[in-house]
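S.K.:
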Amino acid sequence: MDSSPRPRHTTARLRRAVVAALVIGTFVSVAVAVAGPAPTQAQAPDPGELSNEVIRTDGVEGVVVSQANPKITAHVWDIEFVGNTAYVAGQFLRVIRATTDWARIDQPFLAAFDASTGQWEADFRPVLDGPVWALDQADGMLLAGGEFTTVNGEARAGVVGLDPLTGATDGRFTGSVERRFSDKKAVVRDLHVDGDRLYVVGNFSHAAGGGTSMAAAKAVRFDTATGAPDSAWTPVIAGRSAWAVDTSVDGSRVFLGGEFSYVNGVADTDLFAAVDATAGALIPGFDNGFNVNRHRAWPLGGVIYDLAVAGDKVFLAGAEHFWESRSVSDGSSISLVLQYQGRWFNDTQVAELEGGKVYIGCHCLRHRGYANHDIDPVTDEITGTLTSGMAGGDGVWATAMAPDGCLWMGGDLRGTRTLYGAPVDGTMRWVGRFARFCPPGGPPAPPQTDHVLVDAGSTWDVSTATDWPAGWTEPGFDARAAGWTPAQAEFGYGDGDEATAIDDAGRPGAVVARAGFDVSDPGRFQHLKLDMQVDDGATVWINGAIAAAHNMNDGEVGPTTLAASGVWGRAETQWHTFRLDPSLLVDGRNVIAVTVHQGTTGSRDLGFDLALTGSTDRVISFDPTPAVTLAAPPPAVTVLRAVDDEYRYLVGTSAPPADWTDPAHDDGAWTAGSGVLGFGEDGIVTTEAAPGATTYYFRARFDAPADAVAGAALVELTRDDGVVVYLNGAEIGRDTMPDGPIDFETRATRFLWGAAESDPVRFTIPAGSLRQAGNVLAVEVHQAHPDSRDLRLGVEIRSNP
């Protein structure tokens with residue numbers, strides 16, 4: 003480290019100030035105008051801006067005395083909003099639930115609060131071993147910098163990336179800092195994200211991350227995605243700590259503030275300097291250094307606590323006891339305001355650009371109160387001052403604007419005389435070290451967090467078919483063209499309270515349904531909330547991906563799959579809630595598809611309704627993805643031979659030719675007729691008027707396309723009484739017939755009557771058994787009783803059964 007004497011500013015530079023008095027609230031400010039107009043007093047508060055009433059929130063308490071700030075015990079040092087959540091950092095020890103039960107919960111150094119209600123977010127529970135001085139955000143991470151060495155039980159020195167929902171360590175960011183050759187810990191004072199770069203300042207000597215390590219003299223730049231330090235940017239800050247960092251609007255200049263002696267070994271760069279964003283070199287011609295009279299309380303006569311760039315100006319806040327605006331281009335001082343109140347000096351400690359204004363926070367009645375100026379960054383005029391009769395020690399150290407337009411200020415703030423909703427009687431009422439100020443009229447209504455995508459009672463396209471077509475869960479499937487029926491939910495059958503009663507002829511088969519909905523900017527949702535009412539079980543698919551399942555077993559689901567159990571009574575109308583990953587959605591048209599299943603084959607009722615909502619509320623996790631897949635749809639079925647096609651048949655009053663089952667057999671002399679064949683029953687097309695024989699022989703010729711030849715096929719037939727079936731001369735099955743050899747006098751083993759006469763029996767044709775041309779199916783039908791007066795045979799052959 004360079005040990006040369008601290009450079010001093012010339013007295014000529016200090017003589018440029020012209021002093022004027024300015025009275026604001028209960029304190030006096032001395033304004034020094036340099037190359038610009040002096041600030042003027044505004045009527046405060048502006049009723050069109052923020053009310054002086056404090057909106058109560060939960061808060062924090064307790065404080066650890068830190069190595070870096072042994073004399074400053076402000077509880078809150080930074081506030082950062084990610085979405086509708088306020089992250090509060092500092093040296094506090096506990097959270098106080100002031101909006102509910104006043105419980106005190108150990109949550110040191112970093113906590114989260116709902117920006118609308120002010121309530122503590124109990125899901126966010128990081129564990130750090132030291133204070134957090136600074137916050138920022140990048141790549142979906144909350145970035146924290148401070149005086150810690152471990153985070154969530156891992157070694158993470160000075161800077162860390164966190165999951166903003168849970169506080170878990172984000173492994174993508176690997177950056178850290180260290181302070182070699184010292185018995186003190188490394189300290190990060192400020193963070194600033196500019197694009198994919200994270201600027202870090204404090205008191206440290208080295209930085210590491212992404213597998214690399216480098217010397218870093220109180221300032222370093224990390225890659226936000228990996229945490230790797232940038233070896234190209236290496237300003238050298240000498241002396242004490244750097245406290246603040248910000249960049250110009252175009253990102254080309256980096257402004258540094260603190261209580262350091264000089265930058266890059268150059269005189270007149272104490273406490274404030276500007277370097278380029280390329281290598282960290284000082285900007286040629288820029289007026290660096292301190293513009294305020296030195297004070298014996300500080301080793302260098304003062305300190306710059308914070309910086310804020312607003313257009314072509316950079317605003318400085320610090321001790322002793324001022325705020326100043328300077329030109330971004332050359333560093334010249336535009337406005338310099340020195341503050342005092344009798345013998346009590348008034349440091350400014352935070353400068354923050356929020357909503358087009360620069361907010362300057364201070365401890366403007368030391369150990370008795372505080373104030374926060376809002377300043378027009380164009381004119382440097384103070385357009386309002388929030389005081390609220392606040393009591394505090396070290397005043398304001400953090401300022402941030404919430405999405406609803408309320409300003410949050412934190413530090414060492416313990417009470418207010420103007421609490422919203424409380425009597426105006428001068429009583430000092432509790433404030434939990436940070437305060438919330440909103441526009442007049444009270445806290446804004448909470449933002450709309452739920453956006454209905456599919457409402458309960460919506461209209462669905464429903465199918466009760468026993469086969470499910472390919473792609474039916476995908477957005478591109480046309481359900482109406484496929485013959486699906488519109489039905490308003492609750493749809494179902496059997497209970498009598500359905501909005502749409504659907505055909506239950508397919509029971510116990512599953513019912514399937516689809517509904518479309520449009521979404522713009524699905525990335526704004528933190529989660530999807532799905533509510534389902536189902537009797538008995540269901541699976542839900544969004545854009546073809548499984549999303550949720552209720553009362554279903556793992557594995558494949560298809561038209562005949564049963565639910566895990568039956569449902570009855572009140573359970574039939576109960577709603578079940580699931581929290582889903584919003585990445586299931588696409589920008590534009592989306593489709594939600596469902597399968598609804600019976601719990602038992604004997605069930606005679608079914609019902610379903612659903613609501614889907616996109617929510618911007620935080621969730622700690624999503625419901626797990628069900629281990630469910632759709633059964634592959636059956637291949638397209640081709641009818642190779644229809645029931646009503648022509649047959650050749652022979653009445654078996656004697657033994658048939660030995661080769662009667664072979665394709666080569668000449669059956670030209672056999673009688674021809676169309677199915678169904680037989681006598682004595684309804685539905686017979688061709689009647690054989692020769693009852694009395696025991697056996698009847700039938701032959702059917704058919705061809706098969708190439709794709710059917712490669713696969714299996716199915717023979718489905720109705721018969722009365724017994725049958726033996728052959729394909730191309732080889733037996734493929736028999737039904738109601740004895741085993742072993744048979745002849746024209748062999749009787750069937752069972753007499754069929756009633757419904758059994760038309761119940762189908764099925765035989766599989768093994769893959770590879772078919773020919774493309776000249777197939778012959780041969781069937782012999784046997785009577786069970788010599789006095790039988792009916793006979794039946796109807797045959798259909800299908801490929802891809």
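Residue numbers (the working numbering): 3 to 803.
All C-beta atoms in this analysis are idealised placements derived from N, C-alpha and C, irrespective of residue type, glycine included.
Being a predicted model, the structure only gives us computed values, none of them experimental.
1) Rounded to the nearest angstrom, how far is the Cβ of alanine 244 from that of arginine 328, given a contact under 8 Å?
2) From this set, Thr720, Ala732, Pro693, which residue's C-alpha is nearest histidine 804's C-alpha?
3) Could you spell out where the alpha helix (DSSP H) holding alanine 708 opens and where it closes?
4) When DSSP labels each residue in this structure, what does tryptophan 346 get in the three-state scheme?
5) Let's see if you can read the secondary structure: which residues bound the beta strand (DSSP E) around isoleucine 767?
6) Would you mind sorting methionine 430 into buried or exposed? The rule is 16 or more other CB atoms within 10 Å of its CB.
7) By how many angstroms is the C-alpha of aspartate 406 removed from the C-alpha of threonine 102?
8) With 16 other CB atoms within 10 Å as the buried threshold, where does threonine 280 fall?
9) What do you reckon, are the CB atoms on alanine 275 and alanine 310 nearer than 9 Å?
10) With C-beta atoms as the reference, is arginine 438 less than 9 Å away from glycine 120?
11) For the beta strand (DSSP E) containing leucine 200, list its first residue and its last residue.
12) For serine 327, list the residues DSSP reports as bridge partners.
13) Between alanine 76 and valine 97, is the Cβ-Cβ spacing less than 9 Å?
14) For histidine 194 and glycine 61, I'd like the C-alpha separation in whole angstroms.
15) Measure the alpha-carbon distance for glycine 682 versus arginine 773 and round it to whole angstroms.
16) Decide if asparagine 295 is buried, meaning its Cβ has at least 16 other Cβ atoms within 10 Å, or exposed.
17) Quick one, are the C-beta atoms of isoleucine 285 and phenylalanine 262 less than 9 Å apart?
18) Sort Asp607, Ser522, Thr627 by Cα distance to aspartate 547 and report the nearest one.
19) Quick one: what's got a C-beta closer than 8 Å to serine 184's C-beta in the same chain, skipping five residues either side?
20) Which first and last residues belong to the beta strand (DSSP E) in which alanine 437 is found?
21) Report the residue from Ile622, Asp611, Ser522 whose alpha carbon sits nearest the alpha carbon of leucine 582.
22) Count the other CB atoms, across all protein chains shown, that sit within 10 Å of the CB of glutamine 576; report buried if there are 16 or more and exposed otherwise.
23) May I ask which residues mark the beginning and end of the beta strand (DSSP E) holding arginine 416?
24) Return helix, strand or coil for arginine 242, following the three-state DSSP convention.
25) Comparing C-alpha positions only, which one of Thr271, Gly303, Leu302, Val277 sits nearest to glycine 291?
26) Would you grab the beta carbon distance between proline 237 and valine 179 for me? Rounded to a whole angstrom, and I think it's under 8 Å.
27) The beta strand (DSSP E) spanning tryptophan 486 covers which residue range?
28) Let me check understanding here. Comparing Cα to Cα, which of Ile336, Gly601, Ser331, Pro166 lies closest to aspartate 537?
29) Span of the beta strand (DSSP E) holding tryptophan 570?
30) Does the segment 448-458 come within contact of the segment 517-525, defined as at least 3 CB pairs closer than 8 Å?
31) Within 10 angstroms of the Cβ of isoleucine 817, are there 16 or more other Cβ atoms? Answer buried if so, exposed if not.
32) To the nearest angstrom, how far is the alpha carbon of aspartate 532 from that of glycine 211?
33) In whole angstroms, what is the alpha-carbon distance linking lysine 73 and cysteine 408?
34) Hey, out of Thr461, Pro379, Ala702, Ser465, whose CA is closest to alanine 491's CA?
35) Hey, out of Ala706, Phe700, Ala710, Pro707, whose CA is closest to valine 726's CA?
36) Which partner residues of lysine 73 appear in the DSSP bridge assignment?
M.R.: So, from the data block:
1) Start at 1 with the first residue of the sequence shown, and residue 244 comes out as number 242. Start at 1 with the first residue of the sequence shown, and residue 328 comes out as number 326. In this structure alanine 244 is not in contact with arginine 328, their Cβ atoms being roughly 17 Å apart against a cut-off of 8 Å.
2) Nothing can be reported for residue 804: it is not among the residues displayed for the chain, which extend from 3 to 803.
3) Indexing the sequence shown from 1 puts residue 708 at position 706. Under the DSSP assignment, alanine 708 falls in the alpha helix (DSSP H) whose first and last residues are 708-712.
4) Along the sequence shown, one-based indexing puts residue 346 at 344. Residue placement at tryptophan 346 cannot be trusted, given a pLDDT of 43 that sits under 50; the coordinates are not used to answer.
5) Position 765 of the sequence shown, counting from 1, holds the residue named residue 767. The continuous beta strand (DSSP E) containing isoleucine 767 extends over residues 763-767.
6) Start at 1 with the first residue of the sequence shown, and residue 430 comes out as number 428. By the neighbour-count rule (16 or more Cβ atoms within 10 Å), methionine 430 is not buried but exposed.
7) Numbered from 1 along the sequence shown, position 100 holds the residue referred to as residue 102. Numbered from 1 along the sequence shown, position 404 holds the residue referred to as residue 406. Rounded to the nearest angstrom, the two C-alpha atoms are 22 Å apart.
8) Within the sequence shown, numbered from 1, the residue matching residue 280 stands at position 278. So threonine 280 ends up on the exposed side.
9) Position 273 of the sequence shown holds residue 275. Position 308 of the sequence shown holds residue 310. When the beta-carbon positions are compared, alanine 275 and alanine 310 stay at least 9 Å from each other.
10) As a working note, residue 438 is residue 436 in the sequence shown. As a working note, residue 120 is residue 118 in the sequence shown. One thing to note: arginine 438 has its Cβ within 9 Å of the Cβ of glycine 120.
11) Against the sequence shown, residue 200 aligns to sequence position 198. Looking at the DSSP string, the run of the beta strand (DSSP E) that includes leucine 200 is 199-205.
12) By 1-based counting over the sequence shown, the position of residue 327 is 325. The partner list for serine 327 (beta bridge, DSSP) reads Phe317, Ser337.
13) Working through the sequence shown from its first residue, we reach residue 76 at position 74. Working through the sequence shown from its first residue, we reach residue 97 at position 95. No; because the gap between Cβ atoms is not below 9 Å, this pair is not in contact.
14) As a working note, residue 194 is residue 192 in the sequence shown. As a working note, residue 61 is residue 59 in the sequence shown. The alpha-carbon atoms of histidine 194 and glycine 61 are separated by roughly 26 Å.
15) Position 680 of the sequence shown holds residue 682. Position 771 of the sequence shown holds residue 773. Rounded to whole angstroms, glycine 682 to arginine 773 spans 35 Å at the Cα level.
16) Taking the sequence shown and counting its residues from 1, one reaches residue 295 at position 293. By the neighbour-count criterion, in which 16 or more other beta carbons inside 10 Å mark a residue as buried, asparagine 295 falls on the exposed side.
17) Reading the sequence shown from its first residue, position 283 is the one you call residue 285. Reading the sequence shown from its first residue, position 260 is the one you call residue 262. Going by beta carbons, isoleucine 285 and phenylalanine 262 fall outside the 9 Å limit.
18) To locate residue 547, count along the sequence shown from 1; it is residue 545. Position check: residue 547 holds alanine in this sequence, whereas aspartate was assumed. Closest option to alanine 547, Cα to Cα, is Thr627.
19) Counting from one through the sequence shown, the residue named residue 184 turns up at place 182. The answer, listed in chain order, is Ser207.
20) Within the sequence shown, numbered from 1, the residue matching residue 437 stands at position 435. First-last of the beta strand (DSSP E) with alanine 437: 436-439.
21) Position 580 of the sequence shown, counted from the start, is the residue given in the question as residue 582. The option with the nearest alpha carbon to leucine 582 is Ile622.
22) Numbered from its first residue, the sequence shown carries residue 576 at position 574. Of the residues assessed, glutamine 576 falls on the exposed side of the cut-off, its CB having fewer than 16 other CB atoms within 10 angstroms.
23) Residue 416 sits at position 414 when you count from the first residue of the sequence shown. Counting along the chain, the beta strand (DSSP E) containing arginine 416 begins and ends at 409-418.
24) Position 240 of the sequence shown, counting from 1, holds the residue named residue 242. Correct three-state label for arginine 242: strand.
25) Translated into positions along the sequence shown, residue 291 becomes position 289. For the options Thr271, Gly303, Leu302, Val277, the alpha carbon positioned closest to that of glycine 291 is the one of Thr271.
26) Taking the sequence shown and counting its residues from 1, the one referred to as residue 237 is at position 235. Taking the sequence shown and counting its residues from 1, the one referred to as residue 179 is at position 177. Their Cβ separation, rounded to whole angstroms, is 15 Å, which puts proline 237 and valine 179 out of contact at 8 Å.
27) Mapped onto the sequence shown, residue 486 falls at position 484. Per DSSP, tryptophan 486 is not a residue of any beta strand (DSSP E), being assigned neither H nor E.
28) Residue numbering aside, residue 537 sits at position 535 when the sequence shown is read from its first letter. Of the candidates Ile336, Gly601, Ser331, Pro166, Gly601 places its Cα closest to the Cα of aspartate 537.
29) Translated into positions along the sequence shown, residue 570 becomes position 568. For tryptophan 570, there is no enclosing beta strand (DSSP E), as DSSP marks it with neither H nor E.
30) Touching, yes.
31) Beyond the ends of the chain as shown, which are 3 and 803, falls residue 817; an answer cannot be given.
32) In the sequence shown, counting from the first residue as 1, residue 532 sits at position 530. In the sequence shown, counting from the first residue as 1, residue 211 sits at position 209. Going by the sequence as given, residue 532 is leucine instead of aspartate. If you take the alpha carbons of leucine 532 and glycine 211, they lie about 41 Å apart.
33) In the sequence shown, residue 73 corresponds to position 71, counting from 1. In the sequence shown, residue 408 corresponds to position 406, counting from 1. Distance from the CA atom of lysine 73 to the CA atom of cysteine 408, rounded to whole angstroms, is 31 Å.
34) For the purposes of this step, residue 491 is taken as the residue at position 489 of the sequence shown. Closest option to alanine 491, Cα to Cα, is Thr461.
35) Here the question's residue 726 lines up with position 724 in the sequence shown. The residue among Ala706, Phe700, Ala710, Pro707 with its C-alpha nearest the C-alpha of valine 726 is Phe700.
36) In the sequence shown, the residue the question calls residue 73 occupies position 71. Answer is none; lysine 73 lacks a bridge partner.
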